[in-house]
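Visitor: This is the structure, below, for whatever I ask next.
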Amino acid sequence: MGPSGSGKSTLLHLIGAMDQPDEGHIRVGDREVTALSRREQALYRRTIGFVFQRFHLLAALNVLDNVAAPVLPYRTSFDKFARARGLLDAV
Numbered sequence: 010m011g012p013s014g015s016g017k018s019t020l021l022h023l024i025g026a027m028d029q030p031d032e033g034h035i036r037v038g039d040r041e042v043t044a045l046s047r048r049e050q051a052l053y054r055r056t057i058g059f060v061f062q063r064f065h066l067l068a069a070l071n072v073l074d075n076v077a078a079p080v081l082p083y084r085t086s087f088d089k090f091a092r093a094r095g096l097l098d099a100v
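Per the working numbering: the sequence shown ends with 100, consecutive numbering throughout.
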């Protein structure tokens, strides 16, 4: 794909709306990614998949607990583990 430092990760972060370019625009399909609001960016990210090189999973937890972990400290109106199971079923 390219040598270390050639911009592969930067490009993917821009396409995924995780970073903003210093100049210019990012267009994916018919969507101007750089023009999206924060809320629109969050909705956009739900339409694409990310596979990170380092997963940062907690070794002491099982898969379900790792998926639920980010929302455990928060009060939610939904069953956190049912939501995590649904996410796992989706993949």
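Every residue gets a Cβ at the ideal spot worked out from N, C-alpha and C, and that includes glycine.
Keep in mind it's a predicted model, so treat the numbers as computed, not measured.
1. Quick one: what does DSSP say residue 49 is sitting in, helix, strand or coil?
2. If we ignore side chains and look at the alpha-carbon of each, how far apart do residue 60 and residue 18 end up?
3. Residues bridged to residue 37 by DSSP?
4. Just how far apart, CA to CA, sit residue 45 and residue 26?
5. Taking all protein chains shown into account, decide if residue 42 is buried (16 or more other Cβ within 10 angstroms of its Cβ) or exposed.
Guide: With the given structure in hand:
1. If you number the sequence shown from 1, residue 49 lands on position 40. Three-state result, residue 49: helix.
2. Start at 1 with the first residue of the sequence shown, and residue 60 comes out as number 51. Start at 1 with the first residue of the sequence shown, and residue 18 comes out as number 9. So the alpha carbons of these two residues sit roughly 11 Å apart.
3. Indexing the sequence shown from 1 puts residue 37 at position 28. In the DSSP output, where bridge partners are listed per residue, residue 37 has 40.
4. Here residue 45 refers to the residue found at position 36 of the sequence shown. Here residue 26 refers to the residue found at position 17 of the sequence shown. Going from the Cα of residue 45 to the Cα of residue 26 covers about 9 Å.
5. On the sequence shown, residue 42 is found 33 positions in, with the first residue counted as 1. Looking at its Cβ environment, which holds 16 or more other Cβ atoms inside 10 Å, residue 42 is buried.
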